[in-house]
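Protein chains in written order, with the numbering used here: chain U, 8 to 251; chain X, 518 to 831.
Idealized CB from N, CA, C, for every residue including glycine.
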C-alpha cells in the first residue's frame, strides 16, 4: 500500500523543466531507492516532496496517506511524519548535539538522545555536548543528522545521498541505521547515484532528465544503471529531455 | 528597604539567591547604585571601594602569584526605574596571578537608567584573567550602558573577556574596549548581544598586537529584531613578528533591523597575519529548513538558531 504518492509532478525553475510529469508510488514500510546520474532531478524530487523553499510551485501533487500536501509548509509536512536528511548536513554554531537531536524528537530525554547516538555508532559521552559545527567532520555530522531522524521517528524519510562524505566504516553504520528505521516502520527513500546504496533498497526507481525511466527490482534497475547509465556520456539537461 | 532586601532583590533578578553565596566559599561583591551591600573576599584578592555620588570607585588587586580558584562574583545593579550608576574600576592582576570574575549587571526595572563603567585593567606578565560581564535588563529598554575599558596584557599573559546581553531589552549600548597586547600574550574578546524594538548597539572593540607572537580574537555575535540597530567596529592592528589575529563578526537580522559591521585590520609587519570574517543577514536558509524538516515552526527554528549564535563559545 502506498504511503507517499507523487502524481504527475512537473517543476520548472528559471525556465528549465527539472521534473517532467513524474509519478511514483512509495510503499509503506519499505526501503526505496531513487537512482540517477547527477542532474537527473533526484534532489529536486526530494525537495519538492518536502516542500522546500523554491520547490513548491509545481504542477501535479504529492499525497501522504492519500491527502494532498499542496499548500503545506515544510514544518507542517514534518509534523505529518515526513522528513529529509540532507546530502550535506547544515552546521549550527553554538547548537549542541543534544539540543539538535532533541529538537525534532517526541522523547527529548537525554536517555533517548544517547540511545540514538549509540545507534549511529557515536559515543554519547563524546558527542552529546559538542556543537553541530565545523569542529565535526562531514561524516560525523551526517551520522548526527541520522540520529536526529531516528529520534524523530518519522513515517517517511527522504535521504539525499546518504553515503556522501562517508568513510567505509561509517557507511556500514548508516546502512544499519536504514534497517533500524525500516524495523521501526519508517518508509525510507534513498536518493542516490551509488550502486552500494541502491543495494540497500527493496525497490528502485530510475530517473533521467527529470523523468521516471523505469522502476522495479533493485537487481534489474541496478544492472541497467551500471551497464547503460554510468557509461553513458549523455549529460542531464532536464529541459532538453525530449531530444536527449 | 534594608540592605538584606536589596541583596535579595539584586540576586533574584539574576536568578540567584543568598543560598548560592552562602553555599560557596567563592569571593563575591554586591553593589547597589553607589553602595557596597555585600562582600566576601578570599586570600590573594584585595578590593578597596570608595562611594561616590553616583556609584563606586573600586580597586581590585590579585596579588602576584595568587591563584583565585573559584570565579569571583560581582553584582552591579540598580533596582529603581531611573538613576545613574557610575563604576570606576582599576583592576590589577599581578605577575603570574590567576583569577576570573563573573560580573552581573542587573537593571530589572529600568526605564531611565544610565550605567557607566570606566575600567583600567592590567594583566601582569604570565598572569591569566577572565572577565565575563553578563547583563540582565528588564523589558522596557530604558537602559543606557556605556562600558569603556583600557586593557594592557603584559608578556605571556592571557585575558579572556565576554560581554553578554541576551536577557531583556538591550536599550542603548555604547561599548568601547581597547587592548594593548605585549609579546606572547593572548586576548580573546567576545560580545554576544541581542537587540529588539528600538534598541541601539554600538561597539568598538580594538586590539593592538604590539609584541612578538601576540595573539588576539575579536568575536561579535549579534541578533537583531524589529527596528533594532547595531554598528560594530572591530579594529585589530599587528606590528610585531609572529603576531596573529582574527576578527569574527556574525549578525542575524530579522524584521526591519539594521546591522553594520566595520572591520578594520592593519598589519605593519611582514611576519604578522590578521584575518577577518563578517556575515550579516537573515537566518541561514539551510539551518532553518533542516529544523523545519524536524517539525519545528519557523519561529521555534529561528529562536533555536539565534540561541546557538548567542550561546557561550565552547
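Query, Result
"Residue of U:93, U:239, U:12 minimising C-alpha distance to residue 28 of chain U", "U:12"
"Nearest neighbour of residue 50 of chain U, chosen from U:166, U:190, U:148, U:14 [CA to CA]", "U:166"
"Residue 144 of chain U (DSSP reduced to helix, strand or coil)", "coil"
"Cross-chain neighbours of residue 144 of chain U in chain X, by beta carbon under 7 Å", "Those within 7 Å of residue 144 of chain U in chain X number zero; the least Cβ separation is about 17 Å."
"Within-8 Å CB hit, residue 815 of chain X to chain U", "yes"
"According to DSSP, residues forming a beta bridge with residue 93 of chain U", "Answer by DSSP bridge pairing: none, since residue 93 of chain U is not bridged."
"Per-residue burial, residue 625 of chain X [other beta carbons within 10 Å of its own, 16 or more giving buried]", "buried"
"Beta-carbon proximity of residue 628 of chain X to residue 659 of chain X, cut-off 8 Å", "yes"
"Minimum Cβ-Cβ distance from residue 822 of chain X to chain U less than 8 Å", "yes"
"Where residue 810 of chain X meets chain U, residues with beta-carbon distance less than 7 Å", "57, 81, 85, 90, 91"
"Option nearest residue 6 of chain U by Cα separation, candidates U:205, U:146, U:229", "Outside the shown range of chain U (8 to 251) lies residue 6 of chain U, about which nothing can therefore be said."
"Euclidean distance between Cα positions of residue 823 of chain X and residue 228 of chain U", "45 Å"
"Segment contact flag, the segment 154-174 of chain U with the segment 103-116 of chain U, C-beta cutoff 8 Å, min 3 pairs", "yes"
"Chain X residues whose Cβ lies nearer than 9 Å to that of residue 155 of chain U", "807, 811"
"Partners in chain C for residue 804 of chain X, counting only beta-carbon separations shorter than 7 Å", "The chain labelled as chain C is not found among the protein chains of the depicted structure, namely U and X."
"Inter-residue spacing [alpha-carbon to alpha-carbon] between residue 55 of chain U and residue 796 of chain X", "29 Å"
"Local Cβ density within 10 Å of residue 192 of chain U, reported as buried at 16 or more and exposed below that", "exposed"
"Partners in chain X for residue 60 of chain U, counting only beta-carbon separations shorter than 8 Å", "802, 806"
"C-beta neighbour in chain U for residue 825 of chain X, strict 8 Å", "yes"
"Inter-residue Cα distance where the pair is residue 231 of chain U and residue 147 of chain U", "33 Å"
"Alpha helix (DSSP H) segments (min. 4 residues) lying fully within the segment 110-146 of chain U", "117-126, 131-134"
"Proximity below 8 Å, CB of residue 234 of chain U to CB of residue 812 of chain X", "no"
"Proximal residues to residue 655 of chain X (C-beta, below 6 Å), its chain only, five neighbours per side dropped", "625, 626, 627, 685"
"Beta-bridge pairing of residue 603 of chain X - partner residues as DSSP gives them", "X:572, X:633"
"Three CB pairs or more closer than 8 Å across the segment 567-586 of chain X and the segment 541-555 of chain X", "yes"
"Inter-residue spacing [alpha-carbon to alpha-carbon] between residue 568 of chain X and residue 693 of chain X", "24 Å"
"Boundaries of the alpha helix (DSSP H) in which residue 205 of chain U is found, first to last residue", "202-205"
"Counted within 10 angstroms of its Cβ, other Cβ atoms place residue 779 of chain X as buried (16 or more) or exposed", "exposed"
"Own chain residues within Cβ distance below 8 Å of residue 115 of chain U, not counting five before or after", "109"
"Chain X contact residues for residue 102 of chain U, given Cβ-Cβ distances below 8 Å", "821, 822, 824, 825, 828"
"C-alpha gap between residue 26 of chain U and residue 16 of chain U, whole angstroms", "6 Å"
"Counterpart residues of residue 696 of chain X in DSSP-defined beta bridges", "X:668, X:724"
"Pairwise C-alpha distance: residue 621 of chain X and residue 554 of chain X", "15 Å"
"Buried/exposed call for residue 250 of chain U, threshold 16 Cβ in 10 Å", "Because the pLDDT at residue 250 of chain U is just 39, under 50, the model does not fix this residue reliably, and the value given afterwards should be weighed accordingly. Label assigned to residue 250 of chain U: exposed."
"Residue 595 of chain X, buried or exposed, once every other Cβ within 10 Å from all chains shown has been counted against 16", "buried"
"Given residue 533 of chain X as reference, the closest of X:799, X:750, X:653 once Cα atoms are compared", "X:653"
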